[in-house]
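These notes concern the structure reproduced below.
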Amino acid sequence: MEASILFFRACLALLALPIYLLSFLGIWQPFCKKVFFPFFLEHFSAIHEKKAKKQKQELFRNLPDFRSPSGELKLLEIGTGCGANFQFYPPGCKVTCTDINPNFQQGLLRSMNKNQHVHYERFLVAAGEDLHQVPSGSVDVVVGTLVLCSVHDVNGTLKEALRVLRPGGAFYFLEHVVADRSSWKYFWQQICYPTWKLVFDGCCLTREIWKNLEQANFSELNLHHLSIALPWTPIQPHIVGLDPRPSPHALSQPVPFSLTERADTNPSHLTSAQPKVLY
Ligand SMILES: C[S@@+](CC[C@H](N)C(=O)[O-])C[C@H]1O[C@@H](n2cnc3c(N)ncnc32)[C@H](O)[C@@H]1O
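For the sequence shown, the tail end lands on 279 under my numbering, and the numbers increase by one without skipping.
Spelled out as C-alpha cells, the structure:
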C-alpha cells in the first residue's frame, strides 16, 4: 500500500512538474494566490454550490434563531473567498467577511451584486487564527466553509471563533475531510495529498476536522458526516453542522440543525435522534 501510494504520488508530481519547478523558483505561490486560485475558486464554487445547495440550505435555515435580543444578526465568515454563502444568509444579516487572501475582489463583487439582501459591514484581510480586529463576544454567528482544510492552525482558528462569538452564538461549518481509512477514497487522497496542497493554495486532504471540533470548547456539537457528489475528486467526504457557544442564560441550548437527507446513503441515518457524531 505504502509503496503504491509513493509510486502514484511520484507519477502525479511528474505530471505537475512545471508547477513544482515554478514553486521551487518562488513563482507559483504568488501566482496561485493572485491569479490561479481566485479564478479556480469562483468556478469551483459554482460546481460545489450545485452539489451542496440542499445541505447548505438546511444548514443555514435556522440562522435567524441566533439573532441577538436586539433582533440583529451579526455574522462573521472566516475565509469568505468569493462569497459562495451569501445567498444563504437571511435578509438584513450584517456580514463581516474575512480572508487571508485579498485577491478575491472580482468574485466577491459579483456575489455581492447578486445578493443585495445582505448588509456587508466589513472586509478584513485576516487569518482565521488571528481576528484581533474583531472584539470578543461581538458576533452572533461565525461561518466557515471549506476553510479549516487550509488554515495553518485548526485549533487556533476555532479558538478565535469561540472568542468573537457572543455567549449563545454559534459556529456553522461545512468542510471536506479525510475519508475512511479502509476506502479507495482514502487511497486516492493519500496519492493526491502533496500535489493537491501545492496546486490548491495549501488545501489539506487528510484532516480529521471533526476531532478538532469535538475538542473545541463549544457546548453541543451537532455534526454529520456526508458525501458530496464530486466524482473523481478527492474531496467527497464532508462534515456539516453547527456548534453553539454555551449561553449563561439558557438551561439547555437549542440545536436547530438536523440534516434529513444524505447524498450517498439512506436518509434515515441522519436525523437529530441519532448520536451527535455520525460516520
Ligand atoms: C476553498 S476556499 C473556500 C472559500 C469559501 N469559504 C467557500 O466556501 O467557497 C478556502 C478559503 O480560505 C482562505 N484561507 C486560507 N487560509 C486561511 C486562514 N488561515 N485564515 C482565513 N482564511 C484562510 C483562502 O484564502 C480561501 O479563500
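C-beta atoms are modelled at their ideal positions from N, C-alpha and C, and glycine is treated no differently.
Check                                                                                               : Outcome
Residue range of the unbroken alpha helix (DSSP H) whose run includes Cys192                        : 184-199
Buried/exposed call for Pro231, threshold 16 Cβ in 10 Å                                             : exposed
Short Cβ contact (8 Å threshold) for Cys93 with Leu108                                              : no
For Ile47, the first and last residue of its enclosing alpha helix (DSSP H)                         : 37-60
Residues sharing a beta bridge with Lys159, DSSP                                                    : Bridge partners of Lys159: none, in fact.
Contact the segment 142-152 vs the segment 196-208: 3+ CB pairs below 8 Å                           : yes
Whether Asn81 touches Ser136 by CB criterion (8 Å)                                                  : In the sequence on display, residue 81 carries Gly and not Asn. Not a contact, by the Cβ cut-off of 8 Å.
Residues near His176 by beta carbon distance below 7 Å, same chain, minus five either side          : Leu146, Cys149, Ile235, Pro237, His238
Local Cβ density within 10 Å of Cys11, reported as buried at 16 or more and exposed below that      : exposed
Alpha carbon of Leu131 to alpha carbon of Val35, nearest angstrom                                   : 25 Å
Where Cys97 falls: helix, strand or coil (DSSP)                                                     : strand
Segment contact, 8 Å Cβ cut-off, at least three pairs: the segment 120-128 with the segment 168-185 : no
Residues bridged to Lys74 (per DSSP)                                                                : Lys94
Proximity below 8 Å, CB of Asp153 to CB of Leu75                                                    : no
Proximity to Pro90 [Cα-Cα], best of Gly79, Gln106, Asn115, Asn103                                   : Asn115
With 16 other Cβ atoms within 10 Å as the buried cut-off, status of Lys284                          : Past the edges of the chain, shown from 1 to 279, lies residue 284, and the structure says nothing about it.
Exposed unless 16 or more other CB atoms sit within 10 angstroms - verdict on Leu251                : Interpretation of Leu251 is limited by its pLDDT of 44, a score under 50 that renders its predicted location unreliable; the figure taken from the coordinates is listed afterwards. That one is exposed.
Gln253 (DSSP reduced to helix, strand or coil)                                                      : Residue placement at Gln253 cannot be trusted, given a pLDDT of 48 that sits under 50; what the coordinates show is reported in the next sentence. Note: Gln253 maps to coil in three-state DSSP.
Cβ shell of Ala52 (< 6 Å), same chain only, five flanking positions each side left out              : Ile228
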